[in-house]
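Asker: I have a structure I would like to understand better, so I am pasting it below and will then ask my questions one at a time.
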Amino acid sequence: MSLNIQAIIHELLQKGFESALSLKGESLDPLLRKAQNPEHGDFQSNGAMGLGKKHGMNPRELAEQVVSTVDLNAIAHPLEIAGPGFINIKLKDDTVLEMVREMDADPQLGVTQSDDSHPVAIDLCGVNVAKQLHVGHLRSTIIGDALARMFERVGRRVYRENHLGDWGLPIAMVLERLMANSVDLETLSLDALNDAYRDAQLGARGDERGFARAIECDAGPHRVIELETQNESASGAQQAAKDLLIALQQGDEQLVQEWEKLIECTMRSVFESLGLLNVKIGPEHNRGESFYREQLSGVVEEFVDGGFAEEDNGALIVRFENRERPMLIRKSDGGFLYATTDLAAIKFRTQSLCSDQLIYVVDARQRDHFKDLFDATKIIGWDKTPDGAEVEMVHIPFGSVLGEDKKPLKTRSGSNVTLSSLLEEAIERGVVEVRKRSLEPNAPTHGMNDEKLCTIGRQIGIGAVKYADLSNDLVRDYVFDMDRMVAFEGNTGPYIQYACARIRSLISKCDADWSDAEFIIHEPEERALIMQLLQYNAVFQGMIQSLEPHRLCTWLYELTESFNTFYQSCPVLKTEDSKLRLSRVRIAHLTKKVLVDGLDVLGIESPEHM
RNA sequence: GCGGAUGUAGCUCAACUGGAUAGAGCAUCGGUCUACGAAACCGAAGGUUACAGGUUCGAGUCCUGUCAUCCGCGCCA
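Residues 1 to 610 (our numbering) are what the first sequence spells out, left to right.
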């Protein structure tokens with residue numbers, strides 16, 4: 001017996017189908033699933049309908065034959081056939097108890113560890129030097145960090161790649177502007193820096209052609225607004241910036257020093273926000289555009305030498321077989337583009353880091369860019385690691401964060417919402433709730449000092465925002481509604497955190513030693529809770545495979561509901577029967593371990609009290 | 001114009017990748033505490049899954065078309 005009981009049943013059923021249909025070697029999938037309705041049992045096999053049809057056999061008869069040849073008596077109740085040919089399986093309680101014992105004894109809580117020794121590289125956060133973080137970075141950062149934790153949880157090495165926008169003309173323009181005004185970079189705030197960045201952009205990004213074309217193509221409001229902003233003014237400041245960039249590229253010592261200060265100034269503020277967010281991203285994860293600057297011409301040469309790139313109107317482009325749109329890898333003035341840098345980064349990640357899985361957590365608007373990028377990578381053969389492993393490249397195209405008006409989130413005055421202001425509000429809301437709660441005499445937080453309350457408030461407020469983000473299907477846009485997130489009711493982070501806190505105090509009130517108490521199933525709610533716990537690994541593997549954190553969120557929410565139902569109907573400490581009492585404490589403890597572990601994978605903290 | 005995404009209860013979202021009666025949470029209405037933490041639990045009501053066809057034992061899910069919203073479309077990142 002083992003935790004992968006589903007795999008065992010799968011195999012037995014498969015053999016049953018093989019013998020019933022007198023077929024071998026063919027992949028006959030019994031379509032074993034968790035039962036959709038608990039009344040049908042624990043698992044269901046949907047294979048008979050499709051296979052019966054395919055091989056000219058009555059599905060129901062097929063199911064009956066399978067049932068008569070498969071022997072699951074040791075672990076399950078007699079199999080039942082329902083409807084057109086569903087096979088329903090209900091495990092014996094003894095089987096369930098044995099599995100839960102195993103899960104509880106396993107430090108990994110049953111989560112299967114990966115045997116892939118190649119690292120995963122996750123492109124996340126994506127800050128631009130001299131720019132304030134905004135809500136777009138929120139998603140890239142917390143989704144990327146959750147995915148990273150998920151891979152680390154199954155034992156894989158992860159490179160969190162913070163691909164900073166720290167190089168090129170935009171940065172040169174800011175630097176030029178700041179130096180022209182002899183601003184002291186040591187004491188500069190990111191807000192001031194952000195203003196300088198915007199001024200510089202306004203000065204240099206005039207793009208009448210792009211604007212005209214956007215109108216012509218009937219472009220959406222996103223693009224038009226962006227281009228309008230760029231066109232508001234145009235000046236000759238670029239020339240100075242271009243000169244500065246050249247000097248910087250040539251390694252002018254003074255300039256390089258100033259440039260480094262600029263990055264430092266940005267990252268000080270960035271890491272402050274990232275710290276509040278409880279994400280594992282630090283200076284050691286910085287590997288920005290500047291890191292690749294020496295490699296760009298080599299990358300382009302490789303494309304040229306391989307015959308994969310051609311000249312077009314003075315620019316160098318890569319063409320694809322199945323579409324019109326080419327990818328530019330060098331401008332007609334000889335400069336490189338972000339696509340060039342991204343190609344260099346892919347080469348580095350696959351060839352030097354030897355990653356066999358590249359994940360880009362970048363918003364959905366860049367779909368076409370990544371399609372081009374990945375296809376170009378395949379053309380030149382960087383889709384294999386040096387030791388020959390196939391590289392999987394995935395773009396996670398997450399949706400936009402919208403305001404109540406269903407348009408990209410803005411402040412009342414129409415400016416972008418900065419990440420720090422958003423986090424501040426979330427924390428403030430969390431702190432207010434915790435303080436309010438602590439005024440009640442019966443609350444475990446009653447009388448706690450304010451510093452502790454603030455820490456808890458931060459954990460709750462941030463947890464609420466992160467859970468709200470991660471619990472949605474990533475590709476969809478979602479409406480940011482602080483009130484709903486911090487409501488702490490229903491499917492929210494705090495709901496789950498609250499259950500953890502209750503279990504902790506429950507356990508702390510139990511004097512007896514329950515650590516090796518026998519698990520007992522006495523009430524249906526106990527069985528239901530244990531069955532939910534036993535799905536942890538399956539859900540986890542599903543999440544790894546699909547790269548969808550919201551699956552874990554949904555399951556954790558269900559687990560919390562199962563626990564609350566159990567807790568409501570099964571007295572724990574008040575139970576007279578001491579064996580049953582200790583069993584329930586132990587079930588509660590296992591639930592807490594799983595909830596805390598799952599929340600941690602999502603990057604959400606679980607306060608002791610709240 | 002071309003390409004892509006999305007459309008599920010009043011609102012915010014699920015649906016284990018084609019399975020049994022489409023599920024939750026808010027909001028609404030009705031029950032549970034002199035408390036193993038009520039930030040909880042139990043129940044009611046709420047649906048032509050944008051629309052029209054098609055594929056099959058079976059479709060929210062797959063294919064075709066239509067509509068709506070959003071995004072992208074060579075020298076910005």
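Cβ atoms here follow ideal geometry from the backbone N, Cα and C, with glycine treated the same way. All of these numbers come straight from a predicted model, not from anything done at the bench.
Please classify Q230: does DSSP put it in a helix, a strand, or coil?
Answerer: Confidence in Q230 is poor, its pLDDT being 46 and thus under 50, which makes the residue's placement unreliable; the coordinate value appears in the next sentence. DSSP places Q230 in helix when its eight states are reduced to three.
Asker: With burial defined as no fewer than 16 other Cβ atoms inside 10 Å of the residue's Cβ, what is the status of S117: buried or exposed?
Answerer: S117 is exposed by the Cβ-count criterion.
Asker: Report buried or exposed for A464, applying the criterion of at least 16 other Cβ atoms within 10 angstroms of its Cβ.
Answerer: A464 should be labelled buried.
Asker: Our contact map puts I346 next to L328 with C-beta atoms below 8 Å; I'd like the distance itself, whole angstroms only.
Answerer: With 8 Å as the limit, I346 and L328 do not qualify as a contact, their Cβ atoms being about 16 Å apart.
Asker: Would you mind stating whether I81 and E102 have Cβ atoms separated by less than 8 Å?
Answerer: Their beta carbons are not under 8 Å apart, which means I81 does not touch E102 by this criterion.
Asker: Using a Cβ-Cβ cutoff of less than 7 Å, which residues in the same chain neighbour Y197 once the five nearest sequence positions on both sides are dropped?
Answerer: For Y197, where only same-chain residues beyond five positions count, the Cβ hits under 7 Å are A130, K131, V174.
Asker: Compare the beta carbon distance of Y495 and F488 with 8 Å and say whether it is the shorter of the two.
Answerer: Yes. Within cutoff.
Asker: Can you tell me where the alpha helix (DSSP H) holding I604 begins and where it ends?
Answerer: Careful: I604 lies outside any alpha helix (DSSP H) and carries neither H nor E.
Asker: Can you give me the Cβ contacts of V270 inside the same chain, cut-off strictly under 7 Å, excluding the 5 residues immediately before and after it?
Answerer: Excluding sequence neighbours, V270 sits near V127, L133.
Asker: May I ask whether a heavy atom of the ligand ZN can be found less than 7 Å away from the beta carbon of P30?
Answerer: The ligand ZN is not among the ligands present in this structure, which contains no ligands whatsoever.
Asker: Which term fits S508, buried or exposed, when burial requires 16 or more other beta carbons within 10 angstroms of its beta carbon?
Answerer: Result: exposed.
Asker: Contact check, C454 vs V431 under 8 Å by CB: the rounded distance?
Answerer: Correct: roughly 5 Å between the Cβ atoms.
Asker: Need the endpoints of the alpha helix (DSSP H) that S140 sits in, please.
Answerer: S140 -> alpha helix (DSSP H) spans 135-153.
Asker: In terms of alpha-carbon separation, which member of E260, E428, K406 lies closest to G461?
Answerer: The option with the nearest alpha carbon to G461 is E428.
Asker: Who are T418's beta bridge partners in DSSP?
Answerer: BP columns for T418 point to H134.
Asker: Would the beta-carbon of L573 fall within 8 Å of that of R581?
Answerer: In contact: L573 and R581 (Cβ atoms closer than 8 Å).
Asker: Less than 6 Å between C-beta atoms, sequence neighbours within five positions excluded: which residues of the same chain meet that for N181?
Answerer: So the list is empty, once near-sequence residues are dropped.
Asker: Once DSSP output is grouped into helix, strand and coil, what is the label at F336?
Answerer: Strand, per DSSP.
Asker: What whole-angstrom Cβ distance do V135 and V486 have, given they're in contact under 8 Å?
Answerer: Actually they are not in contact, since the Cβ atoms of V135 and V486 sit about 16 Å apart, beyond 8 Å.
Asker: At which residues does the beta strand (DSSP E) containing S45 begin and terminate?
Answerer: That run of the beta strand (DSSP E) goes 43-45.
Asker: If contact is defined by three or more beta carbon pairs under 8 Å, each pair taking one atom from either stretch, is the region 376-383 in contact with the region 403-410?
Answerer: No, they do not touch.
Asker: Whole-angstrom Cβ separation of T611 and R437, contact assumed at under 8 Å?
Answerer: One cannot answer for residue 611 here, as it falls past the ends of the chain, which runs 1 to 610.
Asker: Are L244 and A172 touching if we call contact CB-CB under 8 Å?
Answerer: Yes, the pair counts as a contact, with Cβ atoms nearer than the cut-off.
Asker: Measuring alpha carbon to alpha carbon, tell me which of V601, P524, K15, E548 ends up nearest E39.
Answerer: Measuring from the Cα of E39, the nearest candidate turns out to be P524.
Asker: Pull the bridge partners of M393 from the DSSP assignment, please.
Answerer: DSSP output for M393 lists L358 as bridge partner(s).
Asker: Return the bridge partner residues of I548 from the DSSP annotation.
Answerer: A quick correction: the sequence has Glu, not Ile, at residue 548. Answer by DSSP bridge pairing: none, since E548 is not bridged.
Asker: Starting from I456, trace the alpha helix (DSSP H) both ways and give me its first and last residue.
Answerer: Per DSSP, I456 belongs to the alpha helix (DSSP H) from 450-470.
Asker: If I measure Cβ to Cβ from K261 and keep anything under 6 Å in the same chain, skipping five residues before and after, which residues do I get?
Answerer: Taken in chain order, the residues that qualify are L185.
Asker: Quick one: which unbroken beta strand (DSSP E) runs of 3-plus residues sit fully inside the region 529-581? Chain order, please.
Answerer: Within the region 529-581, no complete beta strand (DSSP E) run reaches 3 residues.
Asker: If you check the beta carbons only, do N46 and R60 fall under 8 Å apart?
Answerer: Not a contact, by the Cβ cut-off of 8 Å.
Asker: May I ask you to report which of helix, strand or coil DSSP gives G165?
Answerer: Strand, per DSSP.
Asker: Pick from G306, K371, E152, G490: whose alpha carbon is nearest that of D600?
Answerer: D600 has its Cα closest to that of E152, out of G306, K371, E152, G490.
Asker: Look up V158 in the DSSP assignment and say whether it is helix, strand or coil.
Answerer: The answer is strand: DSSP assigns V158 an E or B state.
Asker: Report all residues from its chain with a CB closer than 6 Å to the CB of T341; omit the five preceding and five following residues, and keep chain order.
Answerer: The answer, listed in chain order, is E289, Y292.
Asker: Would you kindly work out how many angstroms separate the C-alpha atoms of D597 and V299, rounded to a whole number?
Answerer: Approximately 42 Å between the Cα atoms of the pair.
Asker: Which class does P119 belong to by DSSP, given the choice of helix, strand or coil?
Answerer: Coil.
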